[in-house]
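For the sequence shown, the UniProt record's numbering assigns the number 1 to the initial residue and increments by one for each residue that follows.
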Amino acid sequence: MIKGALEIMAPAVSVIVPVFNTRDYLSECIESVLAQSEVEVELIMVDDGSTDGSLDVLHDYAARYKNIRVFTQNRKRQGAARNLAIQHASGRFLSFLDSDDTLPETSLKKMVETAEKYGSDMVCGIQQSFSQWRKWIGVPVHQREFNRLIECTTIEEMPTLIQDISACNRLIRRESIEKHAMRFPEGTAGEDLDFMARMYLKCDVITILPEVVYNYRGRDDSRTSRISPQFFEDRVAVTESLERAFAEKDALDIYQRLLRSEVRKLVGNRFLKVIKQSAYDEQLQIFGIIGRLVKKLSPEDMRSAEDYALREQVRIIMLSAEEYDALVAYENAPRSPRYLTLLKSDAAKAQLFEPMMRMQFQGLARFERVQKIQNSRVFAVASRISLLAAKCLKLASTVKGLPMLKYFAAAPVAKLAGALQPNKAIWLMDERIASSAEDNGYFLFKYLRETYPQLPVFYVLKRNSPHWGIVAPLGNVVAQYSWKHAYLLWRARVMLSTDSFRGLDYPSESLPRLRRKTLNVFLQHGVAGNKTMTYTRKNYPYFSQVIVSNGIEQAFFSGHYGFTPKQVKLTGIARLDALAPRRGAERSRKILVAPTWRRWLKGQEQIQASRYYHAWNSFLTSVSLAELLERHQMELYFRPHFNMMHFIDEFEKGSPRVHVIRDLDQPLHHLIREADLLITDYSSVMYDFFYQEKPVLGYMFDRHEWEVQPPGPPHLDYERDLALELVTTEDALLQQLQQCLEGGCKMSADKRSRLDKLFSHRDGDNCERIYRAVIEELAQP
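Structure follows, in structure tokens:
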């Protein structure tokens, strides 16, 4: 339906604008067309079913300006909207404009004058991108080759034009469009690519105008919008369909350029967007789609990829070999060689060798340049001047500085106190390198303070730890690297830690001295076995005792890890004493989701691009999950590993019943006791739920990648040994969750039959057994 006044006769230009939900930008777009001077313009706007009030804006302008016409259609997409406008256009030339972009003030006048002067079928100008903060030229061919007037050319004479496939930064003679019955493909995301590639082949006179003729808006919401597999399917299908058109014009060499250009675009910024936003199954689907184009590249094209950035080269090689798991691993941690363990194809390994070596040589070249600077006289003089200052600052500016001064200064006082109280054996404890109080270290310390209040046991904790307030009421809490810590360290006889004791020791010189004179008890984070650990006797020869929960652990610590049977203590871990060995009849209607961390993910960018993030975020925002929680009146608490807490804000919620929580929002051990069931991946928190006979769903979506990472695979068979329901897809997880909720959140008899193998003790006396093991060791001569 047409709205507005009668169209003016024979305008010079018909400006065609498809519109869909761009109300915030529409006025600026329309005003930029109305401001075009010294040229008659017809503005044809096609609303594609907007729901944000855009159509009201269009009607308002059409009522006020006679040269504006408005058409409507119902979600037929941009190609159909442009075709409808072409059908009604009356201008000698057509210009396409997106509804959130603008035209520079005299751009249409300049392009019309140029087209009429040279008899151009098409005039191409420069597209300038803009944002709130800056302006820039983002199209490479515009930067390199649109720097001078080219009066008459063709796609054959200027094949680099094929890299510029936007329909917007140009003027096209309507007669040329109608002569060749040119229209945009409809219902696809590749409409510009198809239309412009075919139009280039039809035009006899193309003029290059070295002027900015189009302002492209860089929108934040556009950059963060999700890219679906269908976008890539559309784009690749259009590229494939164009091969015949170029063959008919004997221009397959130009098609190869198009192919290279499209592959590079698809493995560039859009590729990163896919990794960040898509679920793993969608990633595989998209990789297969892009791979169709990659496989069409000739050997020469593959060699030309050496000019691409290193990451683009690696992507192309892996896509051509269908090495999708390795590609995901590479994108998650491009600086780590761990993805090489996932490669299946020897050919891919061979192809990857050259770019990797080139990267190493580039690094060597940079090193040589640095060496030249360092060997210069100026550098040598500057170095000597600053050497003394650097040495003076070193102690104060590093972790070895002030703490070490405190450590040595505390020695005389500690020795004097030791002489006065020779039989007072100080116990020092921590967990997670003195950063937390919620695991085995905290529960053992709590037990010792309450049961043996005269025992000189102290808990070392960072003063800024969010858990300080939890443990402080027990007394004997010492700030890490304080004077008191230094003093106690000199007097310590027993040290107990869930880690490598780095949180208890001062750095450097104190380490070997103290480890020779103290009894060092390794408490562990949880029950080992879900992953091979680095805690071997070779790496940690100073471990005096290792605390374990079952015979499986006992066997591989005293076998695979190299500790003696006497060193491995089958006491059970401390934190399980706070749990009831069997759940009560009442339900809390709470679900705990507690995934472990991925040590190979470093920084926000890698987290956002990771399979880990996408799998969990997709689950948390699932419509099906929201429906399940509502139907069963359940609350879900997502509490990732403490090493992932820096990235907690990245995770989203799809329901008010989903809670993304931090360390102190609700203590983890409270949720472990209260929750009716657990969803995790490989976290040892599952053992706390096994202990209470609560159901566990193991969502192991990246199991293969988890198992091939250093230091090695798990010691357990997940399906055979663990008392959980193992799933690998989100659909399967939701199905198991539904069954569990409908069944009253009960552990099955089959799973309960495995508990005796997982726990040698379920009597609540683990802390006492650990205490007795230490006392017995101290009593040894």
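Cβ coordinates follow ideal geometry from the N, Cα and C atoms, glycine included.
When C-alpha distances from residue 184 are compared across 230, 145, 78, 424, the shortest belongs to 78.
When secondary structure is reduced to three states using DSSP, residue 330 falls in the helix class.
Of all C-beta pairs linking the stretch 158 to 172 to the stretch 92 to 102, three or more are shorter than 8 Å, placing the two stretches in contact.
Distance from residue 503 to residue 430 at the Cβ level is roughly 4 Å; contact confirmed, criterion being Cβ atoms closer than 8 Å. By the neighbour-count criterion, in which a residue is buried when 16 or more other Cβ atoms sit within 10 angstroms of its Cβ, residue 539 is exposed. If you check the CB distance, residue 548 and residue 521 do not come in under 8 Å. DSSP places residue 479 inside the beta strand (DSSP E), whose first and last residues are 477 to 479.
By DSSP's assignment, residue 539 forms no beta bridge with any residue.
Contact holds between the stretch 466 to 477 and the stretch 432 to 452, because three or more Cβ pairs, one in each stretch, are under 8 Å apart. Between the beta-carbon of residue 752 and that of residue 572 there is about 18 Å, and that puts the pair past the 8 Å contact cut. Contact between the stretch 647 to 658 and the stretch 610 to 625 is present: 3 or more CB-CB pairs across the two stretches fall below 8 Å. Under a 10 Å Cβ-count criterion, residue 525 is classified as buried, with 16 or more other Cβ atoms of the shown protein chains found around its own Cβ. In this structure residue 297 does not touch residue 315 by the C-beta definition: roughly 12 Å separates them, more than the 8 Å allowed. Excluding the 5 residues flanking it on each side, residue 446 has same chain C-beta neighbours closer than 7 Å at 474, in chain order. Of the residues assessed, residue 178 falls on the exposed side of the cut-off, its CB having fewer than 16 other CB atoms within 10 angstroms. Residue state for residue 600 is assigned as coil, using DSSP reduced to three classes. For the pair residue 718 and residue 726, the Cα-to-Cα distance works out to about 8 Å. Remark: three or more beta-carbon pairs, one from each stretch, lie closer than 8 Å, so the stretch 631 to 647 and the stretch 594 to 601 are flagged as touching. Counting other Cβ atoms within 10 Å of its Cβ, residue 623 stays below 16 and is therefore classed as exposed.
Under DSSP, residue 95 shares a beta bridge with 15.
Within the DSSP secondary-structure output, residue 680 pairs in a beta bridge with 698. Bounds of the alpha helix (DSSP H) holding residue 265 are 252 to 266. Looking at the DSSP output, residue 496 bridges to 429, 521.
Here DSSP, grouped into helix, strand and coil, assigns residue 458 to strand. Taking the CA atoms as reference points, residue 666 sits about 13 Å from residue 590. Between residue 292 and residue 25, the C-beta gap is not smaller than 8 Å, which leaves the two residues out of contact. With a cutoff of 8 Å on beta-carbon distance, residue 688 and residue 579 are scored as near each other. Inside the stretch 152 to 225, DSSP marks whole beta strand (DSSP E) runs of 3 or more residues at positions 170 to 173, 206 to 217, from first to last along the chain. Approximately 16 Å separates the beta-carbon atoms of residue 91 and residue 213; this is outside 8 Å, ruling out the contact. Straight through space, the alpha carbons of residue 424 and residue 452 are spaced by roughly 14 Å. By the neighbour-count criterion, in which 16 or more other beta carbons inside 10 Å mark a residue as buried, residue 550 falls on the buried side. The DSSP-derived three-state label of residue 725 is strand. Between residue 476 and residue 449 the beta-carbon gap is near 7 Å, inside 8 Å, which marks them as a contact. The alpha-carbon separation between residue 757 and residue 552 amounts to approximately 8 Å. The residue among 141, 174, 156 with its C-alpha nearest the C-alpha of residue 87 is 174.
By a beta-carbon distance limit of 8 Å, residue 254 does not contact residue 150. Their separation comes to about 17 Å.
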